[in-house]
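Residue numbers (full-length UniProt numbering), protein chains in the order written: chain A, 1 to 250; chain B, 1 to 250.
In this text, a Cβ means the ideal position worked out from N, Cα and C, and glycines have one as well.
Each remark here refers to the structure printed beneath this line.
Protein chains: 2
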Amino acid sequence: MTEHNPMIFEKVEVQPAYQLVASNIEKCIMQGVYKVGQQLPSELDLARQLGVNRSTVREAIRVLEQNGLVFRKSARRLVISLPREQDLASRVSQAMILHEITFLELWETMLPLEVRAAELAATRATEEEIERLEANLRETADCLEHEQKLVALDIEFHLLVAKASRNRALLLAREPIGLLFYPAFYQVMSRLNAKDRLLSAHREVVDGIRNRDAKHAAQWMEKHIRDFRRGYELADLDMNKPVDNSRYFE
Amino acid sequence: MTEHNPMIFEKVEVQPAYQLVASNIEKCIMQGVYKVGQQLPSELDLARQLGVNRSTVREAIRVLEQNGLVFRKSARRLVISLPREQDLASRVSQAMILHEITFLELWETMLPLEVRAAELAATRATEEEIERLEANLRETADCLEHEQKLVALDIEFHLLVAKASRNRALLLAREPIGLLFYPAFYQVMSRLNAKDRLLSAHREVVDGIRNRDAKHAAQWMEKHIRDFRRGYELADLDMNKPVDNSRYFE
């Protein structure tokens, strides 16, 4: 009998009360009703205003804390905050690991972002930023034989260039890829002698930035990222294999 | 007296139990102990295994649900899931609005990503993907006078090209920028007659993809994104103003 009964009602999707409250407060934050740094009304106040239980408000606040929109200054003081770049990045790179994204996919996306960052850095880097890049170069030259330090300095170098681009959209886009991309070079470094090439490419990029020569900086960054790929292949690593999840093993 | 007492103890940072439990389960998921699609043990089981209250487990699961790692199939069945691209993207674009990122920053980041997407699409697009792009072109030609539809088709066009790149890292990087970038063109469209240029650029990009001519596809995408900027400026919109948060006003 049920076979001949047409479906009339669609299943009702009930959103839990705490989620409704969370999106309500979130919307107020996004519209600027509550501004970053301001204090959120007390749980009791919010419960009264929204007509829900205090425990519902508490759960909603947990969601907002989790999303980085609210920061607990003390047990009772909740302050509106900016979501932190690192938290967002690690969330995205976590998704990349679960989606089994390959090293080739990371490389293909990193190439244009790093080239663009170098190009923009050449027009915008401050004196202080150039000095920090030069300090990084000196340390790199001193650490050529210490692979772990070298990888850490390499990661720092690329982050310094990206920051000198003064483009926060670019920083937000590259960070999750960088988290997975650069650490992989520990394997390349230890199998291959790519260290001198790395140092000289970094030097040329910094030269370009210091001389405000965007083209030079971009060209050398491109050469350098292409070298990464060659290194990966020469070290007999498979570009089509998913990036590893080893940073989740302590 | 207290002034002369040196500080010996650092403040203890207590992580709430539910967060410890959440990161514990998260690590198991990331390490593949629980795989996507598998069912999570029951709350009671988890509480026993982890030596905590059932309510602590429940709160931890809320965190995991919030992060898209766990999906509630029914009241009692929790299944490991992949974080959804759209959820991550809207989280990142939310952060971009709060950080008051400018249209110029979006544009500078979008340019290399879109060019790269077109280039890769030319080597990888399937027949079906090319057909969908051609259907989009036909609809665009029919909607030139309907601005809202035109913007929707423009957003779809760029997403179709990005998907045809078959690079999920690139998709994850561009999605949050695209969410803020393309809708802004509604303003440009309504102030300026850029419609014919838009259609012919889209046509050239699709030609490049269909003919497997990566250079042609990339060059026309670059031209097209540079045109966007010119349209923005000609429409007297300020590139240095933060992108608007109007999608949070219904």
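Is any beta-carbon of chain A found at less than 8 Å from that of Glu-129 (chain B)?
Taking the first residue of the second sequence as 1, we reach residue 129 (chain B) at position 129. Not closer than 8 Å to any Cβ of chain A, the Cβ of Glu-129 (chain B) fails to qualify, so no.
What residues from chain B crowd round Gln-219 (chain A), counting only those whose CB sits closer than 9 Å?
Looking up residue 219 (chain A) in the first sequence gives position 219. In chain order: nothing, as chain B lies at least about 14 Å away.
What residue range is occupied by the uninterrupted beta strand (DSSP E) comprising Phe-71 (chain B)?
Taking the first residue of the second sequence as position 1, residue 71 (chain B) is located at position 71. First-last of the beta strand (DSSP E) with Phe-71 (chain B): 70–72.
Where Thr-123 (chain B) sits in the DSSP three-state scheme:
On the second sequence, residue 123 (chain B) is found 123 positions in, with the first residue counted as 1. DSSP places Thr-123 (chain B) in helix when its eight states are reduced to three.
Quick check on DSSP: helix, strand or coil for Gln-38 (chain A)?
Indexing the first sequence from 1 puts residue 38 (chain A) at position 38. Coil.
Please work out which residues of its chain come closer than 7 Å, Cβ to Cβ, to Arg-197 (chain B), disregarding the five sequence neighbours upstream and downstream, and give them in chain order.
Position 197 of the second sequence, counting from 1, holds the residue named residue 197 (chain B). Around Arg-197 (chain B): Asp-227.
Taking CB distances under 8 Å as the criterion, tell me whether Asn-136 (chain B) reaches chain A.
Sequence index remark: in the second sequence, residue 136 (chain B) carries index 136 (1-based). At least 8 Å separates the CB of Asn-136 (chain B) from every CB of chain A.
Chain-ordered neighbours of Glu-105 (chain A) on chain B, where CB pairs are closer than 8 Å:
One-based indexing of the first sequence puts residue 105 (chain A) at position 105. Result: Asn-167, Arg-168, Ala-169 and Leu-170.
Can you pull the chain B neighbours of Thr-56 (chain A), defined as C-beta to C-beta under 8 Å?
Here residue 56 (chain A) refers to the residue found at position 56 of the first sequence. The contacting residues do not exist; Thr-56 (chain A) stays about 12 Å from chain B at best.
At 8 Å on the CB atoms, spell out the chain B contacts of Thr-109 (chain A), in chain order.
On the first sequence, residue 109 (chain A) is found 109 positions in, with the first residue counted as 1. Chain B residues near Thr-109 (chain A): Leu-113, Arg-116, Asn-167, Ala-169, Leu-170 and Ala-173.
From this set, B:Leu-82, B:Ile-177 and B:Pro-41, which residue's C-alpha is nearest Ala-95 (chain B)'s C-alpha?
Position 95 of the second sequence, counting from 1, holds the residue named residue 95 (chain B). If we check each option's Cα against that of Ala-95 (chain B), B:Ile-177 comes out closest.
Would you call Ile-209 (chain A) buried or exposed, if buried means 16 or more other Cβ atoms sit within 10 Å of its Cβ?
On the first sequence, residue 209 (chain A) is found 209 positions in, with the first residue counted as 1. Burial call: buried.
Where Pro-16 (chain B) and Arg-77 (chain B) are concerned, what is the direct C-alpha to C-alpha distance, given to the nearest angstrom?
Along the second sequence, read from residue 1 onward, the residue named residue 16 (chain B) stands at position 16. Along the second sequence, read from residue 1 onward, the residue named residue 77 (chain B) stands at position 77. Spanning the two alpha carbons is a distance of roughly 25 Å.
According to DSSP, which residues form a beta bridge with Val-14 (chain A)?
Walking along the first sequence from the start, residue 14 (chain A) turns up at place 14. BP columns for Val-14 (chain A) are empty, so no partner.
So which residues of chain A does Leu-120 (chain B) contact, with C-beta pairs closer than 9 Å?
Within the second sequence, the letter at position 120 stands for residue 120 (chain B). Result: Glu-108.
Assign Asn-8 (chain B) to one of three DSSP states: helix, strand, or coil.
Here residue 8 (chain B) refers to the residue found at position 8 when the second sequence is read from its first residue. Residue identity check: residue 8 (chain B) is Ile in the sequence provided, not Asn. The answer is coil: DSSP assigns Ile-8 (chain B) none of H, G, I, E or B.
Quick check on the burial criterion: 16 or more other C-beta atoms within 10 angstroms. Buried or exposed for Ser-246 (chain B)?
In the second sequence, counting from the first residue as 1, residue 246 (chain B) sits at position 246. With fewer than 16 other Cβ atoms within 10 Å, it is exposed.
Residues of the segment 83–107 of chain A with Cβ closer than 7 Å to any Cβ of chain B, in chain order
Pro-83, Leu-88, Arg-91, Val-92, Gln-94, Ala-95, Met-96, Ile-97, Leu-98, His-99, Ile-101, Glu-105 and Leu-106
Reducing DSSP to helix, strand and coil, say where Ile-80 (chain B) ends up.
Locating residue 80 (chain B) in the second sequence gives position 80, where the first residue counts as 1. The answer is strand: DSSP assigns Ile-80 (chain B) an E or B state.
Could you tell me the boundaries of the alpha helix (DSSP H) in which Ser-200 (chain A) lies?
The residue labelled residue 200 (chain A) in the question sits at position 200 within the first sequence. From DSSP, the alpha helix (DSSP H) with Ser-200 (chain A) extends over 195–210.
Answer yes or no: do Ala-184 (chain B) and Val-243 (chain B) have a C-beta to C-beta separation smaller than 8 Å?
Here residue 184 (chain B) refers to the residue found at position 184 when the second sequence is read from its first residue. Here residue 243 (chain B) refers to the residue found at position 243 when the second sequence is read from its first residue. It is a contact, given that the beta carbons lie within the stated cut-off.
Give the residues of chain A in contact with Met-30 (chain B), contact being defined as C-beta atoms less than 7 Å apart.
On the second sequence, position 30 is the one that residue 30 (chain B) refers to. Result: Gln-94, Ile-97, Asn-245 and Tyr-248.
What does DSSP give as the partner residues of Pro-176 (chain B) in its beta bridges?
The sequence position of residue 176 (chain B) within the second sequence is 176, counting from 1. Paired residues: none, contrary to the question.
Using the C-alpha atoms, what's the distance from Asn-53 (chain B) back to Lys-27 (chain A)?
Here the question's residue 27 (chain A) lines up with position 27 in the first sequence. Here the question's residue 53 (chain B) lines up with position 53 in the second sequence. So the two alpha carbons sit approximately 33 Å from each other.
Strictly under 8 Å for the Cβ-Cβ distance: is Arg-62 (chain B) near chain A by that measure?
Taking the second sequence and counting its residues from 1, one reaches residue 62 (chain B) at position 62. Answer yes: the Cβ-Cβ gap between Arg-62 (chain B) and chain A drops below 8 Å somewhere.
Please list, in chain order, the chain B residues whose beta carbon lies closer than 7 Å to that of Ile-177 (chain A).
Taking the first residue of the first sequence as position 1, residue 177 (chain A) is located at position 177. Within chain B, the C-beta atoms nearer than 7 Å to that of Ile-177 (chain A) come from Ala-169 and Ala-173, in chain order.
Count the other C-beta atoms from every protein chain shown that fall within 10 angstroms of the C-beta of Val-188 (chain B), then say buried if there are 16 or more, exposed otherwise.
Position 188 of the second sequence holds residue 188 (chain B). Buried, because 16 or more other Cβ atoms sit within 10 Å of the Cβ of Val-188 (chain B).
Note down, in chain order, every chain B residue with its Cβ under 7 Å from the Cβ of Val-36 (chain A).
Within the first sequence, residue 36 (chain A) is the residue found at index 36, counting from 1. Neighbours of Val-36 (chain A) on chain B, chain order: Leu-98.
Interface flag, Gln-66 (chain B) vs chain A, CB-CB below 8 Å
Here residue 66 (chain B) is taken as the residue at index 66 of the second sequence, counted from 1. Yes - at least one Cβ of chain A is within 8 Å of the one on Gln-66 (chain B).
Start-to-end residues for the alpha helix (DSSP H) that takes in Ser-90 (chain B)
As a working note, residue 90 (chain B) is residue 90 in the second sequence. Where Ser-90 (chain B) is concerned, the enclosing alpha helix (DSSP H) stretches over 85–98.
Would you kindly report the start and end of the unbroken alpha helix (DSSP H) that includes Leu-144 (chain B)?
As a position in the second sequence, residue 144 (chain B) is number 144, starting the count at 1. Note, Leu-144 (chain B): premise wrong, no alpha helix (DSSP H); not H, not E.
What residues match up with Thr-102 (chain B) in a beta bridge as DSSP calls it?
Here residue 102 (chain B) corresponds to residue number 102 of the second sequence, with the count starting at 1. Answer is B:Pro-242, bridged to Thr-102 (chain B).
Quick one: using the 10 Å Cβ neighbour count with 16 as the cut-off for buried, is Asn-240 (chain B) buried or exposed?
Along the second sequence, one-based indexing puts residue 240 (chain B) at 240. Exposed, since its Cβ has fewer than 16 Cβ neighbours within 10 Å.
Alpha carbon to alpha carbon, what distance is there between Lys-149 (chain A) and Tyr-232 (chain A)?
Translated into positions along the first sequence, residue 232 (chain A) becomes position 232. Translated into positions along the first sequence, residue 149 (chain A) becomes position 149. So the alpha carbons of these two residues sit roughly 19 Å apart.
According to the Cβ coordinates, are Val-206 (chain B) and Glu-100 (chain B) closer than 8 Å?
Translated into positions along the second sequence, residue 206 (chain B) becomes position 206. Translated into positions along the second sequence, residue 100 (chain B) becomes position 100. In this structure, Glu-100 (chain B) does not lie closer than 8 Å to Val-206 (chain B) by Cβ.
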